[in-house]
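Structure first, commentary second.
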Amino acid sequence: MNGNKKYIWILLLSIVFQSCAILRGPSEPERDVLIIDGTRTEEELKAEDIEIIVDPDVDPDEVYIPKIGFLLPLFLDSLNINIYDEIYFSPEDFERSKLGLNFLKGVKLAIDSLDKKGLNLNVKIWDSANDPQKVRRLFNSGAFDSLDILIGPIYNSPLRTATQLNKNKELFVVSPLSPADNITEKNPYYLQINPTIKMHCDVLFDYIIFKHRYQNNIVLYPEQDKNSPAVEYLKELLKIYTERNPFATFKLQFAQIDSARVPNANLSRFLVPGTQNNFIIPTLNPGVVNNFARQLFNEVEDYDINVFGFPIWGNVERIRMDYLHGLNVHFTSSFHTDNEKKEIVEFNKKFYQAFNNIPDENSIKAYDISMYFFYLLHEFGQDFKTYLEDYIYRGLHTNLYFKAELNDDILTTELSESAPQRGRIDNKNDINFYQNSSLHILRFEDFSLKKVN
Numbered sequence: 080m081n082g083n084k085k086y087i088w089i090l091l092l093s094i095v096f097q098s099c100a101i102l103r104g105p106s107e108p109e110r111d112v113l114i115i116d117g118t119r120t121e122e123e124l125k126a127e128d129i130e131i132i133v134d135p136d137v138d139p140d141e142v143y144i145p146k147i148g149f150l151l152p153l154f155l156d157s158l159n160i161n162i163y164d165e166i167y168f169s170p171e172d173f174e175r176s177k178l179g180l181n182f183l184k185g186v187k188l189a190i191d192s193l194d195k196k197g198l199n200l201n202v203k204i205w206d207s208a209n210d211p212q213k214v215r216r217l218f219n220s221g222a223f224d225s226l227d228i229l230i231g232p233i234y235n236s237p238l239r240t241a242t243q244l245n246k247n248k249e250l251f252v253v254s255p256l257s258p259a260d261n262i263t264e265k266n267p268y269y270l271q272i273n274p275t276i277k278m279h280c281d282v283l284f285d286y287i288i289f290k291h292r293y294q295n296n297i298v299l300y301p302e303q304d305k306n307s308p309a310v311e312y313l314k315e316l317l318k319i320y321t322e323r324n325p326f327a328t329f330k331l332q333f334a335q336i337d338s339a340r341v342p343n344a345n346l347s348r349f350l351v352p353g354t355q356n357n358f359i360i361p362t363l364n365p366g367v368v369n370n371f372a373r374q375l376f377n378e379v380e381d382y383d384i385n386v387f388g389f390p391i392w393g394n395v396e397r398i399r400m401d402y403l404h405g406l407n408v409h410f411t412s413s414f415h416t417d418n419e420k421k422e423i424v425e426f427n428k429k430f431y432q433a434f435n436n437i438p439d440e441n442s443i444k445a446y447d448i449s450m451y452f453f454y455l456l457h458e459f460g461q462d463f464k465t466y467l468e469d470y471i472y473r474g475l476h477t478n479l480y481f482k483a484e485l486n487d488d489i490l491t492t493e494l495s496e497s498a499p500q501r502g503r504i505d506n507k508n509d510i511n512f513y514q515n516s517s518l519h520i521l522r523f524e525d526f527s528l529k530k531v532n
């Protein structure tokens, strides 16, 4: 870095570059190796936190500098350090650290971007080791008390611990990857990036009404899923829509298939000639997906069929490609990149220059999440929470746009044409948490994925 713009890295670069296998020890080729600059003790290398300060000469008493923490599963205690200051990961340890390390790479590129724009920030990084008790100790020690935002933990168990403790401290905790909707409740200081299953249902329901309201629409599911959150919520959406639009011609039938008959369900009885037959299949079971796909595919020569579902439909290793294309499969996803887009090409180039490999999904997500909160804090300072539902960040993999999820005992009176809006509300006691409301609907087309919403 040039001038006084510099980072104080304690361990960060060592660990991040470690994951790229920049150097490999000739005597032990099965291990990833990095020679550390200078001399550090084992205690320093296993420090609880890593601090990065951009422009340390700025007086924090005169200029507001955002303070952001990251709590990631790095498993630093697994490091094997010898007298030559070489760091080793065993293959097993590297695999469990991989998610956190790749996430950290995206964070680093975001910090680099801010540095080039001349923006100041203070970032600290802790190793959660995927350990709820360690997270509890860090909270109780006051380690996070000076932060504006804590991003992480990533896994559900330590994340639940964090959300049990953050409310009293009024510390915003960000869940970067988990889609679970049962992490916490009545916690207006919890922000969820990865939308819940209800949000996936909202997006599919709205899309069907917008594009296919006058056609033959069926929610198809096995008996074992009859009480699933997705099926129950889709029924709730239909009820709300019908009450609000009593004269609407939109119809949505729910077809429950006996679990024993799923492999041979006679799905032709739900098909209507001369119109599009749109099946919403809200299951997460790959066996059910394949059985329904196989049977519907057998009917495509005689009927016009579209299938809509959750991200499991994007797993091409589990589902035959001719099914995905023949059934015009659409599925929701929180992640999508266009590799021909200028911004993606530039990001991939910068990533390769920095780490000598290509970014995975978690590195791209980490970059977008970091940039969103860095910009949010720089724009609005410590009053950022007032603007959470107004600020939109158009990222590489998705947009980030938060809406409040209301408590179950709060009746929402402002409804859209099709679905309840868990939208802006001023009383924080009515808020369960905030979640990102942006999702893609992707369709298989010409052996690639096309965004349609």
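Every number in this note's numbering is 79 more than the matching position in the sequence shown, counting from 1. Even glycine gets a Cβ: it sits at the ideal position worked out from N, Cα and C.
So, do the stretch 374 to 389 and the stretch 342 to 352 have three or more beta carbon pairs nearer to each other than 8 Å? yes
Beta-carbon separation of Leu188 and Tyr446 under 7 Å? As a first step, residue 188 is located in the sequence shown; it is residue number 109 there, counting from the start. As a first step, residue 446 is located in the sequence shown; it is residue number 367 there, counting from the start. Yes.
Considering only their Cβ atoms, is the gap separating Phe333 from Val298 smaller than 7 Å? Taking the sequence shown and counting its residues from 1, one reaches residue 298 at position 219. Taking the sequence shown and counting its residues from 1, one reaches residue 333 at position 254. Their beta carbons are under 7 Å apart, which means Val298 touches Phe333 by this criterion.
In the stretch 328 to 353, which residue ranges form an unbroken alpha helix (DSSP H) of at least 4 residues, counting only runs that do not cross its ends? none
Would you check if the stretch 473 to 488 and the stretch 206 to 224 touch, i.e. whether three or more CB-CB distances between them fall below 8 Å? no
Below 7 Å CB to CB, which residues in the same chain sit around Gln303 once its five sequence neighbours on both sides are set aside? Taking the first residue of the sequence shown as position 1, residue 303 is located at position 224. Same-chain partners within the cutoff: Ser338.
Kindly indicate which residue of Leu455, Phe463, Asn478 and Lys444 has the alpha-carbon position closest to the one of Asn181. Counting from one through the sequence shown, the residue named residue 181 turns up at place 102. Of the candidates Leu455, Phe463, Asn478 and Lys444, the one whose C-alpha sits nearest the C-alpha of Asn181 is Lys444.
Should Asp116 be labelled buried (16 or more other beta-carbon atoms within 10 Å of its own) or exposed? As a first step, residue 116 is located in the sequence shown; it is residue number 37 there, counting from the start. Its pLDDT being 33, under 50, Asp116 is placed unreliably by the model, and nothing is read from it.
Please list the segments of the alpha helix (DSSP H) lying wholly inside the stretch 363 to 392, counting only runs of 4 or more residues, in order along the chain. 365 to 376
Is it the case that the stretch 398 to 415 contacts the stretch 145 to 156, given that we only count it when at least three CB pairs across the two stretches are under 8 Å? With the cut-off at 8 Å, the stretch 145 to 156 and the stretch 398 to 415 do not touch.
Gly148 CB to nearest heavy atom of the ligand ATP below 6 Å: With respect to the ligand ATP, the structure offers nothing, as it holds no ligand at all.
Pop quiz: Thr362 and Ile520 are said to be a contact at Cβ under 8 Å. What is the actual Cβ separation, rounded to whole angstroms? Counting from 1 along the sequence shown, the entry for residue 362 is found at position 283. Counting from 1 along the sequence shown, the entry for residue 520 is found at position 441. With 8 Å as the limit, Thr362 and Ile520 do not qualify as a contact, their Cβ atoms being about 17 Å apart.
As assigned by DSSP and simplified to three states, the class of Thr242: Numbered from 1 along the sequence shown, position 163 holds the residue referred to as residue 242. Correct three-state label for Thr242: helix.
Secondary structure of Pro267, DSSP reduced to three states: Position 188 of the sequence shown, counted from the first residue, corresponds to residue 267. Note: Pro267 maps to coil in three-state DSSP.
Once the 5 residues before and after Val351 are set aside, which same chain residues still bring their CB inside 8 Å of it? For the purposes of this step, residue 351 is identified with residue 272 of the sequence shown, where counting begins at 1. Asn295 and Tyr382, listed in sequence order.
For the beta strand (DSSP E) containing Ile228, list its first residue and its last residue. What you label residue 228 is simply residue 149 of the sequence shown in a count that begins at 1. Taken as a continuous stretch (DSSP letters only), the beta strand (DSSP E) holding Ile228 covers Ile228 to Ile230.
Does Leu406 come out as helix, strand or coil in the three-state DSSP assignment? Position 327 of the sequence shown holds residue 406. Correct three-state label for Leu406: coil.
Please classify Lys530: is it buried, with 16 or more other beta-carbons within 10 angstroms of its beta-carbon, or exposed? Mapped onto the sequence shown, residue 530 falls at position 451. That one is exposed.
Would you mind giving the Cβ-Cβ distance between His415 and Val386, rounded to the nearest angstrom? I have them listed as a contact below 8 Å. As a working mapping, residue 415 is identified with position 336 in the sequence shown. As a working mapping, residue 386 is identified with position 307 in the sequence shown. So it is not a contact: roughly 18 Å between Cβ atoms.
If you draw a straight line from the C-alpha of Leu528 to the C-alpha of Gln243, how long is it? Position 449 of the sequence shown, counted from the start, is the residue given in the question as residue 528. Position 164 of the sequence shown, counted from the start, is the residue given in the question as residue 243. Rounded to the nearest angstrom, the two C-alpha atoms are 39 Å apart.
Return the bridge partner residues of Asn435 from the DSSP annotation. As a first step, residue 435 must be located in the sequence shown, where it is residue number 356. None, per the DSSP bridge assignment.
Does Asp321 come out as helix, strand or coil in the three-state DSSP assignment? Against the sequence shown, residue 321 aligns to sequence position 242. Inspection of the sequence shows that residue 321 is occupied by Thr rather than by Asp. It is helical.
Cβ-Cβ distance between Leu475 and Ile423 below 7 Å: In the sequence shown, residue 475 corresponds to position 396, counting from 1. In the sequence shown, residue 423 corresponds to position 344, counting from 1. Yes, these two residues count as a Cβ contact at 7 Å.
What residue range is occupied by the uninterrupted alpha helix (DSSP H) comprising Leu455? Position 376 of the sequence shown holds residue 455. First-last of the alpha helix (DSSP H) with Leu455: Glu440 to Phe459.
Whole-angstrom distance between Val214 and Leu155, CA atom to CA atom: Here residue 155 refers to the residue found at position 76 of the sequence shown. Here residue 214 refers to the residue found at position 135 of the sequence shown. Straight-line spacing of the CA atoms in Leu155 and Val214 works out to 15 Å.
Between Leu250 and Ile228, what straight-line distance do the alpha-carbon atoms span, to the nearest angstrom? Sequence index remark: in the sequence shown, residue 250 carries index 171 (1-based). Sequence index remark: in the sequence shown, residue 228 carries index 149 (1-based). Straight-line Cα distance between these residues: approximately 6 Å.
With a CB to CB cut of under 6 Å and the five nearest residues on each side skipped, what residues in its chain are close to Ile276? Looking up residue 276 in the sequence shown gives position 197. So the list reads Pro308 and Ala309, once near-sequence residues are dropped.
Give a yes or no on whether the C-beta atoms belonging to Phe512 and Asn266 are separated by under 7 Å. As a first step, residue 512 must be located in the sequence shown, where it is residue number 433. As a first step, residue 266 must be located in the sequence shown, where it is residue number 187. Taking 7 Å as the Cβ cut-off, Phe512 and Asn266 qualify as a contacting pair.
For a test of the three-state rule: what should DSSP assign to Pro301, helix, strand or coil? Along the sequence shown, read from residue 1 onward, the residue named residue 301 stands at position 222. Strand, per DSSP.
Return helix, strand or coil for Leu521, following the three-state DSSP convention. Taking the sequence shown and counting its residues from 1, one reaches residue 521 at position 442. Strand.
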